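Okay, so here's the structure we're looking at.
2 protein chains.
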Amino acid sequence: MEVQMENNSGFAASCRQRLCSALDWLRCTAVGFAGKLARIARDDPRRVAHSLKVGLALTLVSVLYYVTPLFRGFGVSTLWAVLTVVVVMEYTVGGTLSKGLNRAFATLVAGFIAVVAHLVANSCGEKGEPIVLSVFVFLLASAATFSRFIPEVKARYDYGVTIFILTFSLVAVSSYRVEELIRLAHQRFSTIVIGVFICLCTTIFIFPVWAGEDLHKLAAGNLDKLAEFLEGIESECFGENATGESLESKAFLHVYKSVLNSKATEDSLCNFAKWEPGHGKFSFRHPWSQYQKLGTLCRQCASSMEALASYVITLTKSQYPEANPELCLKVRTACGEMSLHSAKALRELSSAIRTMTIPSPTNNHMSAAIKAAKGLRNELSEDADLMQVMHVAVIASLLSELVTKIKKITESVDNLAQLACFKNPEKTQKDVAIDIKS
Amino acid sequence: MEVQMENNSGFAASCRQRLCSALDWLRCTAVGFAGKLARIARDDPRRVAHSLKVGLALTLVSVLYYVTPLFRGFGVSTLWAVLTVVVVMEYTVGGTLSKGLNRAFATLVAGFIAVVAHLVANSCGEKGEPIVLSVFVFLLASAATFSRFIPEVKARYDYGVTIFILTFSLVAVSSYRVEELIRLAHQRFSTIVIGVFICLCTTIFIFPVWAGEDLHKLAAGNLDKLAEFLEGIESECFGENATGESLESKAFLHVYKSVLNSKATEDSLCNFAKWEPGHGKFSFRHPWSQYQKLGTLCRQCASSMEALASYVITLTKSQYPEANPELCLKVRTACGEMSLHSAKALRELSSAIRTMTIPSPTNNHMSAAIKAAKGLRNELSEDADLMQVMHVAVIASLLSELVTKIKKITESVDNLAQLACFKNPEKTQKDVAIDIKS
Chain A
561 MEVQMENNSG FAASCRQRLC SALDWLRCTA VGFAGKLARI ARDDPRRVAH
611 SLKVGLALTL VSVLYYVTPL FRGFGVSTLW AVLTVVVVME YTVGGTLSKG
661 LNRAFATLVA GFIAVVAHLV ANSCGEKGEP IVLSVFVFLL ASAATFSRFI
711 PEVKARYDYG VTIFILTFSL VAVSSYRVEE LIRLAHQRFS TIVIGVFICL
761 CTTIFIFPVW AGEDLHKLAA GNLDKLAEFL EGIESECFGE NATGESLESK
811 AFLHVYKSVL NSKATEDSLC NFAKWEPGHG KFSFRHPWSQ YQKLGTLCRQ
861 CASSMEALAS YVITLTKSQY PEANPELCLK VRTACGEMSL HSAKALRELS
911 SAIRTMTIPS PTNNHMSAAI KAAKGLRNEL SEDADLMQVM HVAVIASLLS
961 ELVTKIKKIT ESVDNLAQLA CFKNPEKTQK DVAIDIKS
Chain B
561 MEVQMENNSG FAASCRQRLC SALDWLRCTA VGFAGKLARI ARDDPRRVAH
611 SLKVGLALTL VSVLYYVTPL FRGFGVSTLW AVLTVVVVME YTVGGTLSKG
661 LNRAFATLVA GFIAVVAHLV ANSCGEKGEP IVLSVFVFLL ASAATFSRFI
711 PEVKARYDYG VTIFILTFSL VAVSSYRVEE LIRLAHQRFS TIVIGVFICL
761 CTTIFIFPVW AGEDLHKLAA GNLDKLAEFL EGIESECFGE NATGESLESK
811 AFLHVYKSVL NSKATEDSLC NFAKWEPGHG KFSFRHPWSQ YQKLGTLCRQ
861 CASSMEALAS YVITLTKSQY PEANPELCLK VRTACGEMSL HSAKALRELS
911 SAIRTMTIPS PTNNHMSAAI KAAKGLRNEL SEDADLMQVM HVAVIASLLS
961 ELVTKIKKIT ESVDNLAQLA CFKNPEKTQK DVAIDIKS
């Protein structure tokens, strides 16, 4: 009896303990999640504004439905305005404009073609009508879908083509049963225009987020990141205060990585920026694609920095050579100058972009950096032998660096083979032979 | 009179000429466009199949509407099936599955919450109902929109959240005027499920395009491209038949570029592949994210190749040093071995991925490449002075390469400043001073 009670109280205690730990886990998860949300909001408060804007636009459009006189005008088509708002509202003005214009224009064109298709099908008699309509839908949907594989269409009009197929199918198919097709198409188009209009008003007039401005800031920010890397290199490796301690953990050695991955963001911002009207310091015909070219160059620069970073880390480990102090001092000074002046040139460019002023044509820092590079080359070319050995040495070093990277690839493939249970090639050849022998 | 006639005939001739040239231009454009379409189709015939599949699915779903007994069951809601097919059909099975499941599940959840919201609002009296509904729509739409900024939600459930907002708003708003809300919601959900079902059947059973398979092939293809670069380097620079002519135009020197830009494709394929059921050689729980890790390593390798490429081009221009032939031969041989064996190791890995067999644990080529790299390092470390000078030399070379790249960035920003009409900073400081003086 006592044992039973003890068991019972033990069981109750363990239950309570489990419940407590489960509650604790729940509390921790909730707190963690709330912290994450707060961080997302703090990183860019415009996100909160955007969320509220979507809520506002939807509430505004639903008023159309609640107010009886407005509802009588549009009928059930009002729901298309709601649908439009949900689908068209994007984070940036350019995104909303691109989707909204694509939607309105595609609906207009597709509706027109669908009405023509309906008239043609109608003249084919009662039995022929659904067949002719089906053929039309099949052909147009296939052709339009194929057009989405054209890169230019994909980049700017992908959404428009979807809406084209959608509207054409909806109108063509429903024309079989609906009497007042023109009135229906007209109603639907006006509600879509109202939806787009509400979206545009909310995105443009309430805390607008311009894709063009974001793209402009991204370009300046990327230049700053490249400069930060060079400044770090200068002060930690070649400067007078260079400590010589391991650099592996330093933040500046990883700053170029986000530049390397900026292509996707840049492309989508550039695409949206092209739809935006003039705003702030930017005119409608601002050369947005120039930012993409600049971005490509920045990414090339960042990938050179990646190659450089792996050398710089090992540089401080092995320290400077002592055998040829004179040459080493020269090289070290030249390196310091190159990185310092390049960094300053980049900072000047980024501030020129930020303030939208012409960068000084005689960019002194740029010429100083080039001069340092040339000086070093001249210095070395006096010793022609050394110069040429160095060139081959660089290639050999880069190649042996590549070998290390390929070794990592090998490990990664091995890992994949293990996780994905790749089959064993031995079993089919050697092992079978051994099996037979034994 | 004669002059007039001559003028007239001259005018007619010029008109005819213009018409001819316009027609010619039109013909050329049409032929060019047709050629472009043919190329897109030839590059990947699955695109044509996909286009026809979309047409087929739409035709199938429109039958629901034409056939009277079926139409009676669903009524106007049939149009939702058409809408679903247009929006859900994607190129890959994974894409269609991801969108279809997101759509069906989000509709179910949102419909349920909307009915509850309707019941709450209904109990607030006739005047309170639209206000309570508006508040609900505002709150849920804002919260759901904000959730799209959470990276995990954005990656996998972005479309589901859109549909959640859409369905919730549509059902909640229309609940104000529609009597048989439950019946309507039920009808709409069933038509959406039918639409998703038709989409899935067409994408899975007719020439399916599996995102997982494409991702798998992309990984193997990227390894092959890296190998091609190294093979080119080996034969053109270090091999016995190295010609020493300029390499700038060689194709193999640019092959790594497509690897550098493969991240976006890889990420979207990986995301879709995770939705796919087991197919062919891939099980449902295939380690898809491992391909992303492999891809990151391949891109790092490609960016080292970019750094190497610029050296290799200038290498053949300046030829090999003649001053220290013994060392140069050693370095050259070691470089040849490193690139040859690395290339073979990569080919072995790519074929292991293609055939899904475990790569041999003692990858001979990999160890040969590592051995060559080590051998070179040992050889050089005998001459400690040279070894250390070389290390610094590599850094100096890379930095001076960086300076050249930053110069290009400067030119690009100058170009931007000119195209975007940046303002002149001089005018505000120096020039004004000069103006005053003069």
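Sequences listed follow chains A and B, in order.
Quick note on my numbering: the first sequence kicks off at 561 and runs consecutively.
Quick note on my numbering: the second sequence kicks off at 561 and runs consecutively.
We treat Cβ as the ideally placed atom computed from N, Cα and C, and that holds for glycine.
Here the structure is a predicted model, which means the values were calculated and not measured.
On a CA-only basis, which of A867(B), K810(B), A905(B) is nearest E961(A)? Give me that one, please.
-> Ranking the options by Cα distance to E961(A), first place goes to A867(B).
Would DSSP call T652(A) helix, strand or coil?
-> coil
Please classify F842(A): does DSSP put it in a helix, a strand, or coil?
-> strand
Would A641(A) pass as a contact of T751(A) if the rule is Cβ separation under 8 Å?
-> yes
Of all Cβ atoms in chain B, is any one closer than 8 Å to the Cβ of G720(A)?
-> Not closer than 8 Å to any Cβ of chain B, the Cβ of G720(A) fails to qualify, so no.
State buried or exposed for P885(B), treating a residue as buried only when at least 16 other CB atoms are found within 10 Å of its CB.
-> exposed
Every unbroken alpha helix (DSSP H) inside the region 579–615 of chain A [4 residues or more] | none
Alpha-carbon to alpha-carbon, S818(B) and L820(A) = 14 Å
In chain B, which residues lie with their C-beta within 9 Å of the C-beta of N975(A)?
-> P847, Q850, K853, L854
In whole angstroms, what is the alpha-carbon distance linking R892(B) and N984(A)?
-> 37 Å
Around the Cβ of N938(A), are there at least 16 other Cβ atoms within 10 angstroms (buried) or fewer (exposed)?
-> By the 10 Å Cβ count, N938(A) comes out exposed.
Relative to chain A, which residues along the region 754–787 of chain B have a C-beta separation below 7 Å, given in chain order?
-> none
Residue range of the unbroken alpha helix (DSSP H) whose run includes T917(A) | It is not in any alpha helix (DSSP H) - T917(A) carries neither H nor E in the DSSP assignment.
Three or more C-beta pairs below 8 Å linking the region 666–673 of chain A and the region 582–596 of chain B = no
Which residue from Y625(A), V614(A), Y626(A), V636(A) puts its Cα closest to that of V645(A)?
-> V614(A)
Since E961(A) meets chain B, which of its residues come closer than 7 Å, beta carbon to beta carbon?
-> S864
Leaving aside the five residues before and after D995(B) along the sequence, list all residues of the same chain whose C-beta is less than 6 Å from its C-beta, in chain order.
-> Note that D995(B) scores a pLDDT of 43, beneath 50, so its modelled location is shaky and nothing firm can be said.
Going by other Cβ atoms of all chains shown within 10 Å of its Cβ, with 16 needed for buried, is T589(B) buried or exposed?
-> exposed
State buried or exposed for F844(A), treating a residue as buried only when at least 16 other CB atoms are found within 10 Å of its CB.
-> The residue in question, F844(A), is exposed, as its Cβ has fewer than 16 Cβ neighbours within 10 Å.
Exposure label - G840(B); buried when at least 16 CB within 10 Å = exposed
Could you tell me whether the Cβ atoms of T656(B) and T763(B) are closer together than 8 Å?
-> yes
Would DSSP call K968(B) helix, strand or coil?
-> helix
CA nearest to the CA of I725(A), picked from L700(A), A833(A), I966(A) = L700(A)
Going by CA-CA distance only, name the one from I969(A), A894(A), E971(A), A977(A) that's closest to L958(B).
-> A894(A)
Just the chain B side, please: which residues come within less than 9 Å of N984(A) by C-beta, in chain order?
-> T917, I918
Three-state secondary structure (DSSP) of K810(A) | coil
Within 10 angstroms of its Cβ, does C858(B) collect 16 or more other Cβ (buried), or is it exposed?
-> buried
Helix, strand or coil at K817(B) according to DSSP, with G and I counted as helix = helix
Which of the residues in the region 702–733 of chain A, read from start to end, lie with their CB under 7 Å from any CB of chain B?
-> S702, T705, F706, F709, I710, T722, I725, L726, S729, L730, V733
What do you reckon, are the CB atoms on S972(A) and F832(A) nearer than 8 Å?
-> Result no, Cβ atoms of S972(A) and F832(A) do not sit closer than 8 Å.
Residues near G792(A) by beta carbon distance below 6 Å, same chain, minus five either side | Cβ neighbours of G792(A) beyond the five flanking positions: F812.
What is the rounded straight-line gap between the Cα of L730(A) and the Cα of H678(B)?
-> Going by the C-alpha atoms only, they are around 29 Å apart.
In whole angstroms, what is the alpha-carbon distance linking L778(B) and I913(B)?
-> 10 Å
Span separating the alpha-carbon of R576(B) from that of R587(B) = 16 Å
Got a sec? Which residues, its chain only, sit under 6 Å from Q989(A) by beta carbon, not counting five neighbours each side?
-> Annotation note: pLDDT 48 at Q989(A) (below 50); position unreliable, no value reported.
Please work out which residues of its chain come closer than 6 Å, Cβ to Cβ, to G570(B), disregarding the five sequence neighbours upstream and downstream, and give them in chain order.
-> none
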